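Quick notes on the structure that follows.
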Amino acid sequence: MPVTGVRTVGAEQLRMLAKVARMYHEQGMRQPEIAAQLNISQPRVSRLLKEATTRGIVRTVVVLPPGVHTELEEQLQTRYGLRDAVVVDTDGSNGDVIPALGAAAAVYLDATLKGGDVIGISSWSESLLAAVDAMHPKHTQVADRVVQIVGGVGSPEAQVQATRLTGRLAELTGARPVFVPSPGLVGTPAIRRALTQDDAVAAVMAQWKELTVALVGIGSLEPSPLLLQSGNAVAESDQDELRALGAVGDVCLRFFDDGGRPVKSRLDQRVVGITGNDLRTIERRVAVAGGERKFSAIRAALLNDWVNVLITDVTTAERLVA
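Numbering (the working numbering), first residue to last: 148 to 469.
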């Protein structure tokens, strides 16, 4: 197809353009070799190659390898105003989704964390735990602190996981770990007020204003096995209230409806964790989430800017842009 806006040239010039282009792009010859063979200068070879591209004689075609979904990632970014998106292949089973998401998140974090970052991390995410397990140690320090953004105290069996998640990420990035010495969900608003006035808890909460990156999972209304095990899971009575209020999911135990709007429930006053408003002030908010069970929650979180980087599986991504 001719390119408009380009001056017409004769057949001999077109023949030369095509010849030089084939020698360079198809035969793999270097520009000095082409110049010597055709008895022309190397600068002229360079000009001819540029003109061949301008005239549409040479066109760039990017062939995506299997398992790479760049176009789908771009569609997600455009549809939801995301800063970045990463889409990974899985076999569709939940058991396969979490390791695949973890591996992709590890690569993303390895590539994007920079010196001086203050990382906030959710305590009770299986996907984030898989990501940290897949990361490689950094040779130089790429973060200053790794700070829990929801209470990390739970049942002894599960707290080991939450502590390992924060501590291991800090170790891998050369950062200092900062733990919230409180459960994420307490029995009454009065207990929450007392805890947040404690010097140790208040000192951690003050650091949430300094975060440059947040790493979070996205929860559905039904708690994950890890959250159930931790003792921080939402009770059935609270689930019933949240469901009646239209809640579909949460980030850091802050629940929202299908449009991503915060749901004001009695449970919200019992959470020891970052608020939705404070979360949105963080420059980079990375969610690692996928699977059929979480689709409605993921979509809702994207609709109201809870996160601006999404790492998810291809099936979920395709549904999100459908």
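Glycine residues also receive a C-beta, built at the ideal position from the N, C-alpha and C atoms.
Quick caveat, the model's predicted, so the values are computed rather than measured.
The count of Cβ pairs closer than 8 angstroms, one atom from the segment 347-361 and one from the segment 256-271, reaches three, so the stretches are in contact.
By the criterion of a C-beta distance shorter than 7 angstroms, Y255 is surrounded in its chain by V233 and I458, once the five residues flanking it on both sides are discounted. For the options Q288, L426 and E173, the alpha carbon positioned closest to that of G364 is the one of L426.
Counting along the chain, the unbroken alpha helix (DSSP H) around R226 starts and ends at T217 to Y227. With contact defined as three or more Cβ pairs closer than 8 angstroms, the segment 217-237 and the segment 312-327 are not in contact.
The continuous beta strand (DSSP E) containing R401 extends over residues R401 to D404.
For the beta strand (DSSP E) assignment, the uninterrupted runs of no fewer than 3 residues enclosed by the segment 263-329 are, from N- to C-terminal side, 264-268, 290-295 and 323-325. Of the residues T259, H216, K285 and T313, the one whose Cα lies closest to the Cα of A277 is T313.
In this structure, DSSP gives G203 a state outside helix and strand, which the three-state scheme calls coil. When beta bridges are read from the DSSP output, R432 appears opposite A361. The segment 389-401 and the segment 432-447 touch, with three or more beta-carbon pairs separated by less than 8 angstroms. Per DSSP, T459 is one residue of the beta strand (DSSP E) stretching across V456 to D460. In the structure shown, the three-state DSSP call for D425 is helix.
If the five residues before and after A199 are omitted, its C-beta is found closer than 6 angstroms to the C-beta atoms of L164, A168 and V205, all from its own chain and listed in chain order. When the beta-carbon positions are compared, A347 and G407 stay at least 8 angstroms from each other. Taking a C-beta distance under 8 angstroms as the contact criterion, K285 and G321 qualify as a contact pair. If you draw a straight line from the Cα of T237 to the Cα of A436, it comes to about 13 angstroms. Just measuring C-alpha positions, the residue of A251, G298, T335 and S371 sitting nearest D460 is A251. The three-state reading of DSSP puts P409 in strand, counting E and B together. Note on A183: under 16 other CB atoms within 10 angstroms of its CB, so exposed under the neighbour-count rule. Taking C-beta separations shorter than 7 angstroms and ignoring five residues to either side along the sequence, the partners of D257 in its chain run M282 and H283, following chain order. The beta carbon of V294 is closer than 6 angstroms to those of G267, V325 and Q354 in its chain, skipping five residues each way along the sequence. If you look at V235, you'll find it in the beta strand (DSSP E) that goes D231 to V235.
With contacts defined as CB atoms closer than 8 angstroms, L223 and V456 fail to qualify as a contacting pair. Look at the segment 165-202 and you find these whole runs of alpha helix (DSSP H), each 4 residues long or longer: 178-185 and 189-201. In the three-state scheme derived from DSSP, where H, G and I count as helix and E and B as strand, A394 is classed as strand. By the Cβ neighbour-count rule, P179 is exposed, with fewer than 16 other Cβ atoms within 10 Å of its own.
Here G249 carries a helix assignment [DSSP, helix/strand/coil]. Separation of R315 and A350 (C-alpha to C-alpha, rounded to the nearest whole angstrom) is 22 angstroms.
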